[in-house]
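Scroll down for the structure; my scribbles are underneath it.
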Amino acid sequence: MPVLLADVLSTVERLWPVSGAEAWDAPGLVTGDPAREVSRVRLVVDAVAATVDEAVAAGDDLVIAHHPLLLRGVTSVAEDRYKGALLARLIRADCALVAAHTNADVVESGTSAVLAERLGLLDARPIVPNATDAARGLGRVGRLAEPTTLGRLARHLADLLPATAGGVRVAGGYEAPVETVAVCGGAGDSLLADPAVRGADVYVTADLRHHPASEAREQALLGGGPALVDVSHWASEWLWLDAAAAELREAHPDLEIVVSDLNTDPWDFLVVQ
């Protein structure tokens, strides 16, 4: 039986309801005809030239990206601008594009939940629970089955995540004991002051900026707080793609669903001083 894009959109809404998205977010259908049949779907973190080219070359009918291509307003989709060029390439190839962003972060099998699961956290719960469903929300915090050290946890993360130029950055003592771990896939410095994060032994997230990280570490020295582990934004969310693909395959066994393993972290190399 043919699968329409509209059918997949209904599944996307069931798995990652748009109602769960942050107010500033822009999830949903970016381009594509809901009445068109689809047979090949590709999941990516970023809709960028490399992943769009990959999808078009493979003959994909739909790309589901975690990050919205049109998150911020644009006044032109001219093809001498990269967003316009990507949209034109997708439209000419009759390949639809859908974004599932913060609405996919907050669900029970979302980005942070997958990261927590892969770290083996027990009794994981949201850092910021949803107002109507305590099982959903931003980030996750839980405990390790066996206590470890900050250095060993960082090494485990480096082995768990796909390699990137930035690697894994750590603020804290290598031998510091770790049992309670807070995680937030993607940019998470907005949660540094949350009591659940402050009460953890370590906070694992991405895109930690100088001032928020510095202030959090200074406060930890004065009154307690977590060590910090800063990883690649792309890598922290890439793990979710396999879980998302499994859910889509269960809903649509007739579809061919693939996960892109292209590294779309924006940094190419690191010079160590």
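Per the numbering used here: the sequence shown = residues 1385 to 1657. Positions of the beta carbon are idealized from the N, C-alpha and C atoms, including for glycine.
Helix, strand or coil at residue i according to DSSP, with G and I counted as helix
{"i": "Val-1655", "result": "coil"}
{"i": "Leu-1454", "result": "coil"}
{"i": "Thr-1548", "result": "coil"}
{"i": "Val-1429", "result": "coil"}
{"i": "Asp-1517", "result": "coil"}
{"i": "Ile-1511", "result": "coil"}
{"i": "Ala-1441", "result": "helix"}
{"i": "Ala-1369", "result": "Residue 1369 is absent from the model: the chain starts at 1385 and stops at 1657."}
{"i": "Leu-1503", "result": "coil"}
Proximity winner among the options, relative to residue i (alpha-carbon distances)
{"i": "Val-1586", "options": "Ser-1496, Thr-1533, Glu-1421, Cys-1479", "result": "Thr-1533"}
{"i": "Leu-1575", "options": "Glu-1634, Gly-1523, Val-1615, Glu-1530", "result": "Gly-1523"}
{"i": "Phe-1653", "options": "Ala-1469, Glu-1621, Ser-1616", "result": "Ser-1616"}
{"i": "Val-1498", "options": "Trp-1408, Thr-1435, Val-1525", "result": "Val-1525"}
{"i": "Ser-1394", "options": "Val-1482, Ala-1434, Leu-1471", "result": "Val-1482"}
{"i": "Val-1429", "options": "Val-1655, Asn-1647, Gln-1657", "result": "Asn-1647"}
{"i": "Ser-1403", "options": "Thr-1516, Arg-1582, Ala-1580", "result": "Thr-1516"}
{"i": "Gly-1557", "options": "Val-1425, Trp-1622, Pro-1610", "result": "Pro-1610"}
{"i": "Ala-1628", "options": "Val-1643, Pro-1637, Asp-1638, Arg-1527", "result": "Val-1643"}
{"i": "Gly-1550", "options": "Glu-1397, Leu-1592, Glu-1563, Ala-1600", "result": "Leu-1592"}
{"i": "Val-1414", "options": "Ala-1434, Asp-1391, Arg-1424, Leu-1470", "result": "Leu-1470"}
Which residues DSSP lists as bridging residue i, in chain order
{"i": "Val-1396", "result": "Note: Val-1396 sits in no beta bridge, so no partner."}
{"i": "Leu-1413", "result": "Val-1482"}
{"i": "Pro-1561", "result": "Thr-1533"}
{"i": "Ile-1475", "result": "DSSP output for Ile-1475 lists no bridge partner at all."}
{"i": "Val-1643", "result": "Leu-1427"}
Close beta carbons around residue i, own chain, < 7 Å, minus the five adjacent residues each side
{"i": "Trp-1400", "result": "Ala-1484, Asn-1487, Ala-1488, Val-1491"}
Cutoff 6 Å; reference residue i; Cβ partners in own chain excluding five residues on either side
{"i": "Glu-1631", "result": "Leu-1399"}
{"i": "Gly-1521", "result": "Val-1490, Pro-1510, Val-1512, Pro-1513, Asn-1514"}
{"i": "Arg-1553", "result": "Asp-1614"}
{"i": "Gly-1416", "result": "Leu-1389, Ala-1480"}
{"i": "Asp-1409", "result": "His-1485, Thr-1486"}
{"i": "Arg-1582", "result": "Gly-1609"}
{"i": "Thr-1548", "result": "Ser-1616, Ala-1619, Asp-1649"}
{"i": "Arg-1601", "result": "Ala-1555"}
Other residues of its chain near residue i: CB distance less than 8 Å, five sequence neighbours each side excluded
{"i": "Val-1440", "result": "Arg-1473, Leu-1474, Ala-1477, Cys-1479"}
{"i": "Ala-1571", "result": "Thr-1589, Ala-1590, Asp-1591, His-1617"}
Identify every run of the alpha helix (DSSP H) within the stretch 1570-1630, keeping only runs that are complete inside it and at least 4 residues long; order them along the chain. As far as the stretch 1570-1630 is concerned, its whole alpha helix (DSSP H) runs of at least 4 residues are 1579-1582, 1594-1607.
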